[in-house]
């Protein structure tokens, strides 16, 4: 058998080797491209980051952090959800004229909302920045458009913000040059501005309540002697300051001023006695003639406080209702302006009671992703607002409309004149129509 010549064999081997080398290079180049493709955007980001400096790097770091998801909640009676804050909301306050809602959160902002937008698709708000701190409590001044005050979380004091109307209808917000002096030695539980505009109240958990003038001077110090305090508030009439805490009572004082507006003294007015355990919270009615309280003894109570306390007359107990949840966890309370509805919040849920019958009428479960931090009715009583996470949730007050129906039906039976009957029938029809539109009219 004749063997092929050596040059031909060597040429064939070189050709095979060359083809193998080309194939290997192609595969390697493909691997490199496959590895480079995912890294190209990253490299581009790195180049952009170097160009834009540390500000861009910090932004990229924030984007890489996992953001908490907004809590999802729905209910047929949910009227609106206000969602402009990027941090958890701790406090709300409706202006006395009912036109605005102020909210503060740990995102270092206070937002002012227009109540006329509540039922609209979009909810616009005006933002006031809290420099180098954040607010935990916020309260409108009595004239609603002049100022609001906040409690600073880190500064442990009050700061006043002036509000100035702009030509476009918005506001500019300017903090006063100096904050109030630091006086409290324990965590703050509430602040308030008297509707008369004569004084400001701050209260801390160590049973200290301070009465200030508007210039930041302490007029009086109250020791509630309740071992520890859980809540304190100024009455809507601006005359009284109340406090509750570890003891089974609510204590109320009158802040007295002279005819010329000068501060005189703080006098003990009356007490709400009847609970058998510590009191979580309480509230005044709009006219300050009724009060409601909720206690660790598992009950809520409605009181008539329109009494001659200077003649040692005590408030009258009007109704007691059961609320077992209050015996195991802290509870927040809100009383509707007409006192017909009592709202109680524990954890992330809200319970609504008819105060005439003492019955629970509505229950909203899992309203917020965090424990409810504040609960309040608007000045008309149409809406109940709650906060706890990054949103304010507004509910239609259907128990309030039902209470109006019951009241009008009772008054119609006793009405003597035709004009009175027509007026009552008109109010009854309006309440029934509202309930029908909300799908909450009981047959």
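In the UniProt record's numbering, the protein residues as written are 1 to 443.
All residues carry an ideal CB built from backbone N, CA and C; glycine is no exception.
Three or more beta-carbon pairs under 8 Å between the region 258-266 and the region 304-317, yes or no? no
CA-CA distance, residue 41 and residue 245? Caution is warranted here: a pLDDT of 33 is assigned to residue 41, below 50, making its placement in the model unreliable, and no coordinate value can be reported.
Quick check: the Cα distance between residue 430 and residue 78, rounded to an integer number of angstroms? 20 Å
For residue 75, which residues in the same chain have their Cβ closer than 7 Å to its Cβ, ignoring the five residues on either side in sequence? 364
Taking the straight line between their C-alpha atoms, what separation do you get for residue 398 and residue 435? 7 Å
Nearest-angstrom Cα separation, counted from residue 352 out to residue 361: 6 Å
Would you mind reading off the limits of the beta strand (DSSP E) that contains residue 344? 341-346
The region 126-134 touching the region 104-113, judged by at least three CB pairs closer than 8 Å: yes
So, with DSSP's three-state summary, where would you put residue 254? strand
Using the C-alpha atoms, what's the distance from residue 295 back to residue 319? 14 Å
Considering only C-alpha positions, which residue in the set 339, 227, 298 and 407 is nearest to residue 286? 339
Looking at the structure shown, is residue 415 part of a helix, part of a strand, or coil, going by DSSP? coil
Could you have a look at residue 130 and say whether DSSP puts it in helix, strand or coil? coil
Neighbourhood of residue 172 by C-beta, 8 Å cutoff - its chain only, sequence neighbours within 5 removed: 163, 164 and 166
To the nearest angstrom, how far is the alpha carbon of residue 342 from that of residue 300? 9 Å
Answer with buried or exposed for residue 336, where buried requires no fewer than 16 other C-beta atoms within 10 angstroms of its C-beta. buried
So, do the region 268-275 and the region 373-381 have three or more beta carbon pairs nearer to each other than 8 Å? no
Which of helix, strand or coil does DSSP assign to residue 280? strand
Quickly, what does DSSP pair residue 359 with across the bridge? List them, please. 354
Quick check: the Cα distance between residue 387 and residue 108, rounded to an integer number of angstroms? 16 Å
Rounded to whole angstroms, what is the Cα-Cα separation between residue 65 and residue 392? Because residue 65 sits at a pLDDT of 45, beneath the cut-off of 50, its placement in the model cannot be relied upon, and the following sentence gives the value as read from the coordinates. Roughly 25 Å separates the two Cα atoms.
Would you say residue 444 and residue 229 are within 9 Å of each other, going by their C-beta atoms? Within the shown structure, residues of the chain are numbered from 1 to 443, placing residue 444 beyond reach of any answer.
Hey, out of 254, 249, 390 and 111, whose CA is closest to residue 126's CA? 111
Residue interval of the beta strand (DSSP E) (run including residue 273): 263-273
Residue 186 versus 155, 213 and 193, residue with shortest Cα-Cα distance: 155
What did DSSP end up calling residue 90 once you bin it into helix, strand or coil? strand
Buried/exposed call for residue 19, threshold 16 Cβ in 10 Å: Caution is warranted here: a pLDDT of 48 is assigned to residue 19, below 50, making its placement in the model unreliable, and no coordinate value can be reported.
Once you ignore the five residues that flank residue 290 on each side, which residues in its own chain have a CB closer than 7 Å to its CB? 302, 303, 304, 305 and 339
Using CA atoms only, rank isn't needed, just tell me which of 323, 330, 334 and 394 is closest to residue 359. 323
What do you get for residue 218, buried or exposed, if any count of 16 or more other CB atoms within 10 angstroms of its CB means buried? exposed
Can you tell me whether residue 231 is helix, strand or coil according to DSSP? strand
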